[in-house]
Amino acid sequence: ILEGKAAVSLIGFSDSAIWREGTNGPTTLTSDNRATIAAKVPTNRPGGRTNWDAALSTVQTANATHKYDLVLFVTDGAPNNILNGTQVSGNDVTLRSLEAPIYAANAIKAIGSNGDGGTRIVAVGVGNGASGAQVAANLQAVSGKTAGSDYIQGSWDKLGDILGDVVKAATCTVPIEVSKTTISATGSVTAFAPNWTFTTTATGAGAALSAPAAMTTGNGETTTAKWDLTFTQPTGQSANVTITETAKAGW
1 ILEGKAAVSL
11 IGFSDSAIWR
21 EGTNGPTTLT
31 SDNRATIAAK
41 VPTNRPGGRT
51 NWDAALSTVQ
61 TANATHKYDL
71 VLFVTDGAPN
81 NILNGTQVSG
91 NDVTLRSLEA
101 PIYAANAIKA
111 IGSNGDGGTR
121 IVAVGVGNGA
131 SGAQVAANLQ
141 AVSGKTAGSD
151 YIQGSWDKLG
161 DILGDVVKAA
171 TCTVPIEVSK
181 TTISATGSVT
191 AFAPNWTFTT
201 TATGAGAALS
211 APAAMTTGNG
221 ETTTAKWDLT
231 FTQPTGQSAN
241 VTITETAKAG
251 W
């Protein structure tokens, strides 16, 4: 849905940062180049050092020219390098290794002297290296305080859904996701239980739900029931959504 309407740049980072796409300006997404650009996103998960400073400083420099609308900052580790790969204290996170990317992030988010709006940063922590309350605090430091909006923590398996939801929210689309947890008569708990059907309806001017109206959960976290609620305007519209569960015998 974003073909011809969105342009992207890709920057990869570990102990340093490297351009993967859009060095001289964001590349407009088309049906012909989507697969080519997607193939430039690394599928491996390198360990070791993590240089938030290099990644965000690279964006900061480019942003002065290109004025990005949104930065999706995805990391599987906590910051422990600065500049072009300088270790501050081994693999430990220090005040210096965190304050450096904070400076870059603040510059990216700052409103220009001519009134230009700043660029929003959404920080996404994935995997064991970016879990826990302390890492959440680090993510907040470069993005914002609101969980689920400014920063998100999740698993690698859910990364595609997480990034998709962020982009949908930026394009007047609200994702709706329903999972089912069951507790049996003996007390056995099953999270993300399969074969439960939910139906949605929406009312509101300018609002529409993706089809089909009824969705059935699958087996696991990645097979929840999902819909997209879309609006025709970025502001001033609202909708009431009703979600109905289909009862099952024995429950």
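Under the working numbering, think of the first position of the sequence shown as 1, with each following residue one higher. We put the CB at the ideal spot given by N, CA and C, even for glycine.
Beta-carbon proximity list for residue i, same chain, < 7 Å, skipping 5 on both sides
{"i": "residue 13", "result": "51, 54, 55"}
{"i": "residue 6", "result": "29"}
{"i": "residue 203", "result": "239, 240"}
{"i": "residue 1", "result": "Low confidence applies to residue 1: its pLDDT is 45, below 50, so where it sits in the model is not reliable enough to give any reading."}
Spatial neighbours of residue i in its chain, beta-carbon cut-off 8 Å, leaving aside the 5 residues before and after
{"i": "residue 243", "result": "176, 178, 198, 199, 200"}
{"i": "residue 228", "result": "168, 173, 174, 175, 176, 209, 210"}
Three-state class that DSSP yields for residue i in the structure shown
{"i": "residue 72", "result": "strand"}
{"i": "residue 228", "result": "strand"}
{"i": "residue 156", "result": "helix"}
{"i": "residue 49", "result": "coil"}
{"i": "residue 79", "result": "coil"}
{"i": "residue 63", "result": "helix"}
{"i": "residue 133", "result": "helix"}
{"i": "residue 55", "result": "helix"}
{"i": "residue 209", "result": "strand"}
{"i": "residue 101", "result": "helix"}
{"i": "residue 29", "result": "coil"}
{"i": "residue 268", "result": "Because the chain here runs from 1 to 251, residue 268 falls outside it and cannot be looked at."}
{"i": "residue 118", "result": "coil"}
{"i": "residue 17", "result": "strand"}
{"i": "residue 36", "result": "helix"}
Contacting residues, own chain, Cβ-Cβ under 6 Å from residue i (five flanking each side not counted)
{"i": "residue 156", "result": "126, 127"}
{"i": "residue 22", "result": "9"}
{"i": "residue 144", "result": "150"}
{"i": "residue 15", "result": "49, 51, 81, 85"}
Residue from the options whose Cα sits closest to the Cα of residue i
{"i": "residue 219", "options": "182, 143, 250, 249", "result": "182"}
{"i": "residue 222", "options": "57, 103, 161", "result": "161"}
{"i": "residue 216", "options": "63, 224, 237", "result": "224"}
{"i": "residue 226", "options": "213, 40, 233, 102", "result": "213"}
{"i": "residue 207", "options": "20, 130, 236, 163", "result": "236"}
{"i": "residue 39", "options": "190, 26, 20, 25", "result": "20"}
{"i": "residue 147", "options": "159, 163, 164, 124", "result": "124"}
{"i": "residue 49", "options": "37, 78, 63, 27", "result": "78"}
{"i": "residue 137", "options": "158, 102, 37", "result": "102"}
{"i": "residue 27", "options": "131, 11, 230, 231", "result": "11"}
CB of residue i within 9 Å of CB of residue j, strictly
{"i": "residue 166", "j": "residue 108", "result": "no"}
{"i": "residue 122", "j": "residue 149", "result": "yes"}
{"i": "residue 141", "j": "residue 105", "result": "yes"}
{"i": "residue 80", "j": "residue 93", "result": "yes"}
{"i": "residue 139", "j": "residue 153", "result": "yes"}
{"i": "residue 17", "j": "residue 57", "result": "yes"}
Inter-stretch contact (C-beta, 8 Å, three-pair minimum) for the segment 69 to 79 and the segment 28 to 40: no
contact_flag[the segment 156 to 174, the segment 189 to 199] where n(CB pairs < 8 Å) is 3 or more: The answer is no - the segment 189 to 199 does not touch the segment 156 to 174, with fewer than three Cβ pairs under 8 Å.
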